[in-house]
Amino acid sequence: MGQMIVSGMMPAASQREIGGQAPFSLVIGNATQVTVQYRGRLIDLEPHSKGDVARLTVE
């Protein structure tokens, strides 16, 4: 199990860039209002969402 890099809430319209070595396990609340981009491509959170929480791993 890896270490936690980021935890917490972010204000609307804010951005955060995360660095480190993949893979990254993500748990994202309010997923319908969040955009995730990894290595220059957008990641569709809908297939990874249950309710409004997305859980996925990016490599």
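In case it helps, the numbering used here puts the sequence shown at residues 1000 to 1058.
The C-beta atom is built at its ideal place from N, Cα and C for all residues, glycine as well.
{"Asked": "Going by C-alpha distance, which of Gly1019, Met1008, Ile1042 is nearest Gln1002?", "Found": "Gly1019"}
{"Asked": "Is it buried or exposed for Leu1044, if we count other Cβ within 10 angstroms and need 16 for buried?", "Found": "buried"}
{"Asked": "Quick one: grab the DSSP three-state call for Thr1031.", "Found": "helix"}
{"Asked": "Based on the DSSP secondary-structure assignment, which residues constitute the bridge partners of Ala1053?", "Found": "Ile1027, Ser1048"}
{"Asked": "Classify Leu1025: buried if its beta carbon has 16 or more other beta carbons within 10 angstroms, exposed otherwise.", "Found": "buried"}
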